[in-house]
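To convert, note that position 102 of the sequence shown is 102 in the UniProt record's numbering; the numbers rise steadily by one, no gaps.
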Amino acid sequence: MATVAGCVVVCNFVIGRIQEVRRRKVEQEVATGQIRSSLPRVFAAIVRPHRECLARKRRILVKREANGTLVLTRWLGELSHFYKTTVLPELHAHFLTVGHPDLVVRLADEAAFLDWFLTSDPLHWRAEDFASGQPEPDMGPIEFEAWCRRALSRSDWNARIAPAGAAQAATILAERDGVTMAVQCRLSAQPVGTKAVQEVLTARRLYQRQIAVVVSNEGFMPLARSMAQAEGVCLLHHSELDGIAPEELVGAATPRRPAAFEVQVEEDALDASTRGKAVRVFGRR
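See below:
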């Protein structure tokens, strides 16, 4: 009898263990489904508060080789660091109630985090969707022009692409609160020279605009800054377009010429293809 009783106890124990394993397996399958189905939404929610900072870093870290190939090594390293230090801890906190924190890391890895990060719509890396971020590294001049127009539209400007012709004097015409402006958009790999300032001055006269603006993804040469100051042209980085108001531009558009100045024409090194002329404005000593 003792032997039979012992066998019954052992059998019950084994059956109990099997049932426990099955129960845990079912729970894990349920948890896996919950995590896998909600990962994209949770990822997007975690990343959203950081996307402007990440966009700035992306612009700095993504480089282009001479043959046009994008170099993503440093950017992917930054994403990996962000994932480990910010995303994973928040994922653990979000899925704490699921009861299987080990699943979070495994399923996140299965989700190919970096690939998702680079292509997912919730991150709005594309210029037409990303409201206050940076233009795409592989964006062309026409796309950059469209990006600038959308940025102005988001800031309540009535912005439109200028008609073709007119010596390409302006790329965007915009109005808001009775203030009108002509905008020259310059996507460049180096600081912008005086040619852009000259062209937008032509546009201001041609379209009878109150304000002339040059927008670039890069900075501006000293000569361009001097001419812009003397002629009342606003020079902006593209990131300044988001939220820009007319009153911010009106004051900056007031010409501030030296008491005495002269104009010297010299070769524009920034536009060797056209051998255009640059204009230098400087005060007399």
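Every residue gets a Cβ at the ideal spot worked out from N, C-alpha and C, and that includes glycine.
If you're wondering where the values come from, they're calculated on a predicted model, not measured in any experiment.
Less than 7 Å separates the beta-carbon of I211 from that of L249. Taking all protein chains shown into account, T85 has fewer than 16 neighbouring C-beta atoms within 10 Å of its C-beta and is therefore exposed. Between A224 and T194, the gap from beta carbon to beta carbon is short of 7 Å. Per the coordinates, the alpha-carbon of Q190 lies some 8 Å from the alpha-carbon of F220. By the Cβ neighbour-count rule, T171 is buried, with 16 or more other Cβ atoms within 10 Å of its own. Secondary structure note for L187: it is in no beta strand (DSSP E), with a DSSP letter that is neither H nor E.
Within the DSSP bridge table, the entry for A212 names A182 and V233 as partners. Per DSSP, L249 is one residue of the alpha helix (DSSP H) stretching across P246 to V250. Following the DSSP letters along the chain, one finds R205 inside the alpha helix (DSSP H) bounded by residues T194 to L206.
Here S216 is not near V233, since their CB atoms are 7 Å or more apart.
Taking V200 as the centre and dropping the five residues before and after it, the same chain places the C-beta of A169, A170, A182, V183, Q184, A212, V213, V214 and V233 closer than 8 Å to its C-beta, in chain order. By alpha-carbon distance to K57, the top candidate from A45, G77 and L39 is G77. Rounded to whole angstroms, the gap between the alpha carbons of R176 and P246 is 7 Å. For R205, the closest C-alpha among the options S226, S188 and T180 is that of T180.
When the alpha-carbon of V62 is set against those of G251, C53 and W75, the nearest one is in W75.
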